[in-house]
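Visitor: My questions all concern the structure below.
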Ligand code: N01
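Structural data, given as structure tokens:
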């Protein structure tokens, strides 16, 4: 294994992997096991990806821990035990560290290093990546495991740099504990991140001011500890569980209903919704088959949840402001919370409704809205990400004939299976923007994608092929399918990062594959089974 040092001489590898989140960690392990000379390059100081950076109070995964974990190694899943149904960030990061230790992954990574450019060298049939440390690394294959949520986005509000108090970004949270006691704390953003912070910090801060523009839908998580008997039983069934996850639209173990909402009489529908509310987690989505395709069904569930908000939040004005309206439930990523709405009944927590009183600017001492200024000691930004494409487009990525990915994707991302891009041979993305990305379990998707790429590279090695590129026809076919499915989905009806509307100037559209992880996997398998008929290959100049 070569170890690239800071040098003007390019380091030659077989595979470059960008990112040390769950996708990149598995990719590095997989290629190393296959005997390739592989190095992972990661901007953060260690493994974990989004879980390395997002150390904000209350950070937690809202997928069940046993689902949100690797299935590729039975040793790992037998040795690791989760403590809660929905694990908190410290435990997930500890899991990433456990995996890195167990597989001795760190020796194959360069941390605190960012890839700034990656350029296809047609003559050499290789990718030449440059890092912010001035290193040049060359390899025939480049795998981008850069994550759909890794480029934080600051709010588009004047004055952010003027604020003299403590400014905290959720996605770059300090590694040291932050003390909120007695402080006047403001937070902008009430997506999944903001909700998790509010329910935690509201109980700690002197005063908490929540600047909410669009209310999100959130449902009770009802998290609980996992009993030793449960864990032991689950470990016996891991193989069957992993198989079930491969067959599941969400890439998780929870079965998805085939029952349409209106197939039940009204009283039974009410009972099912009440049960789902009490049961917690993503039970709602598992109760009915058509909540993302039937507007009327969606409206009824939305009414049910709005009524619950009204029952919990004591101040009628705050309750009304917290009720989402004007877009379908589940069309914005549904959050799972622990007493989020109850937090607004605390005397020190104040909802600042930016729909009726918009933020004008951030000042030296706080936030000024149209009505007046709120003085703050601390300001938390939970304002989301330049998602799906942000991390890929942040790199100066040039394919055949020097073509920039940024230019190719000027009207939105286009790829085959979210993994390969026409004009960019031997470049792969895991959990890419035209796959099921954030609509399914990202670890399940990453494992699928890395395996698919690994099989393709093995095929190329066996056949003496130097480069693989998806044909324009195949890319068009995939994108037509992605866009046709998106057309039928209610998901496109909300203004969110899912459709790119949260970033000024970004092309809007639902470009994720909404057909479910199971169908996506079938497409991947069919592409391989066809002998990679969707790809064009060039013969090797030399064998990898
Ligand atoms: O980001 P978001 P997030 N003025 O984009 C507001 C995953 N995740 O970090 O909608 C005022 O959802 C913005 O308001 P609006 C999960 O996939 C998972 O919360 O633009 N407000 C919105 O409220 C999630 O979907 C977990 O009107 C402004 C917020 O900032 C994804 O990460 C936990 C503003 C951004 O919400 C992203 O979630 C956390 C402005 N100028 C995250 N600009 C779990 O697994 C932006 N906002 C539980």
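In the working numbering, the protein residues as written are 0 to 543. Heads up, the beta-carbon is just placed ideally off N, CA and C, and yes, glycines get one too.
1) Pull up the distance between the alpha-carbon of residue 311 and that of residue 526, whole angstroms please.
2) For residue 162, verify whether its CB is less than 7 Å away from any heavy atom of ligand 1.
3) Does the segment 56 to 64 come into contact with the segment 73 to 80, if we say contact requires no fewer than three beta-carbon pairs (one atom in each stretch) closer than 8 Å?
4) Using DSSP with H/G/I as helix, E/B as strand and the rest coil, what is residue 402?
5) Measure how close the beta-carbons of residue 389 and residue 150 come, nearest whole angstrom, since I'm counting them as under 8 Å.
6) Within 10 angstroms of the Cβ of residue 4, are there 16 or more other Cβ atoms? Answer buried if so, exposed if not.
7) In three-state terms, what does DSSP make of residue 543?
8) For ligand 1, is there a heavy atom less than 7 Å away from the beta-carbon of residue 154?
9) Are three or more beta carbon pairs between the segment 223 to 235 and the segment 420 to 437 nearer than 8 Å?
10) Across the segment 153 to 173 and the segment 41 to 59, are there enough close Cβ pairs to call them in contact, namely three or more that are closer than 8 Å?
11) Would you mind working out which of 248, 134, 445 and 384 sits nearest residue 498, comparing C-alpha positions?
12) So is residue 88 buried or exposed if we call it buried at 16+ other beta carbons inside 10 Å?
13) Thinking C-beta only, is residue 287 closer than 8 Å to residue 256?
14) Name the two residues that bound the continuous alpha helix (DSSP H) containing residue 266.
15) If contact is defined by three or more beta carbon pairs under 8 Å, each pair taking one atom from either stretch, is the segment 31 to 39 in contact with the segment 191 to 202?
16) Within 10 angstroms of its Cβ, does residue 97 collect 16 or more other Cβ (buried), or is it exposed?
17) Helix, strand or coil for residue 310, going by three-state DSSP, please let me know.
18) I want to check one thing, is the minimum distance from the CB of residue 396 to the heavy atoms of ligand 1 below 7 Å?
19) Name the two residues that bound the continuous alpha helix (DSSP H) containing residue 522.
20) Jot down the residue ranges of each uninterrupted beta strand (DSSP E) in the segment 326 to 413, minimum 3 residues, whole runs only, in chain order.
21) Should residue 445 and residue 30 be called a contact, given that it needs their Cβ atoms to be closer than 8 Å?
22) In or out: residue 414 buried (at least 16 other Cβ within 10 Å) or exposed?
23) Please classify residue 268 as buried or exposed, where buried requires at least 16 neighbouring CB atoms within 10 angstroms.
24) Does the beta carbon of residue 190 fall short of 7 Å from some heavy atom of ligand 1?
25) What distance in whole Å lies between the Cβ atoms of residue 513 and residue 484, which are believed to be in contact at a cut-off of 8 Å?
26) Take residue 320 and list the residues in its own chain whose beta-carbon comes closer than 8 Å to its own, dropping the five residues that flank it on each side.
27) Among 145, 121, 115 and 148, which residue has its Cα nearest to the Cα of residue 136?
28) Please name the residue in 539, 173, 364 and 410 whose C-alpha comes closest to that of residue 182.
29) CB residue 438 to CB residue 511, shorter than 8 Å?
30) Determine which residues share a DSSP beta bridge with residue 285 and list them.
31) Is any non-hydrogen atom of ligand 1 found closer than 7 Å to the C-beta of residue 50, if you look at the structure I gave you?
32) What first and last residue would you give for the beta strand (DSSP E) that runs through residue 143?
33) For residue 113, which residues in the same chain have their Cβ closer than 8 Å to its Cβ, ignoring the five residues on either side in sequence?
34) Classify residue 447: buried if its beta carbon has 16 or more other beta carbons within 10 angstroms, exposed otherwise.
Guide: Reading it off the structure:
1) 50 Å
2) no
3) no
4) coil
5) 3 Å
6) Residue confidence for residue 4 is low, a pLDDT of 47 falling below 50, so the modelled location carries little weight and cannot support an answer.
7) Because the pLDDT at residue 543 is just 44, under 50, the model does not fix this residue reliably, and the value given afterwards should be weighed accordingly. It is coil, neither helix nor strand.
8) yes
9) no
10) yes
11) 384
12) buried
13) yes
14) 265 to 278
15) no
16) exposed
17) helix
18) no
19) 516 to 528
20) 334 to 336, 348 to 352, 358 to 361, 365 to 368, 372 to 374, 377 to 380 and 395 to 397
21) no
22) buried
23) buried
24) yes
25) 5 Å
26) 211, 214, 350, 352, 354 and 355
27) 115
28) 364
29) yes
30) Partner(s): none; residue 285 has no beta bridge.
31) no
32) 140 to 143
33) 40, 42, 130 and 131
34) buried
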